[in-house]
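In my numbering, the protein residues as written are 33 to 164. By construction, the Cβ of each residue, glycine as well, lies at the ideal position given by its N, Cα and C atoms.
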């Protein structure tokens, strides 16, 4: 922490023209308030969502379900991804746990659809990555 505080002191001296211990303490308090506002539980939940997308199979499934705009049966999703049935089941389960897809039984079929969270994330990514 001392090294980080020293660096913060130098930064504040640059920004303010001078830096006193009170300036450093005030800024550390402000930064602590920002960190506390996030909350560890929220950070963990957001990381769960992001890590669920950090796999080609799961990401492809989310993109396909968002693009479809409707429920798709597991039998329709399986040909899209090059994984075993078990791998597909595990991927969909992880996406359900992250709140990115919802599944339901329809007789002997299992159907999945993208959640609003998945649609929002895909929409955000569409706007942030340029075609190169």
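For residue i and residue j, I'd like the C-alpha separation in whole angstroms.
i	j	result
residue 133	residue 39	44 Å
residue 88	residue 73	26 Å
residue 80	residue 154	16 Å
residue 130	residue 46	43 Å
residue 98	residue 113	15 Å
residue 136	residue 86	24 Å
residue 116	residue 156	30 Å
residue 77	residue 55	34 Å
residue 149	residue 158	14 Å
residue 122	residue 138	19 Å
residue 147	residue 91	14 Å
residue 41	residue 68	22 Å
residue 66	residue 37	17 Å
residue 144	residue 152	17 Å
residue 64	residue 111	49 Å
residue 119	residue 75	27 Å
Do residue j and residue i come within 8 Å of each other at the CB atom, strictly closer than that value?
i	j	result
residue 124	residue 84	no
residue 93	residue 109	yes
residue 106	residue 142	yes
residue 18	residue 44	Outside the displayed span of the chain (33 to 164) sits residue 18, for which this structure offers no information.
Report the three-state DSSP secondary structure of residue i (helix, strand or coil).
i	result
residue 95	helix
residue 130	coil
residue 39	helix
residue 49	coil
residue 115	coil
residue 86	coil
residue 64	helix
On the DSSP bridge assignment, give the partners of residue i in chain order.
i	result
residue 138	141
residue 104	144
Can you check whether the C-beta of residue i is within less than 8 Å of a C-beta belonging to chain C?
i	result
residue 144	No chain C is present in this structure, which holds just one protein chain.
Looking at C-beta atoms only, is the number of pairs between the region 45 to 63 and the region 94 to 113 that lie closer than 8 Å three or more?
no
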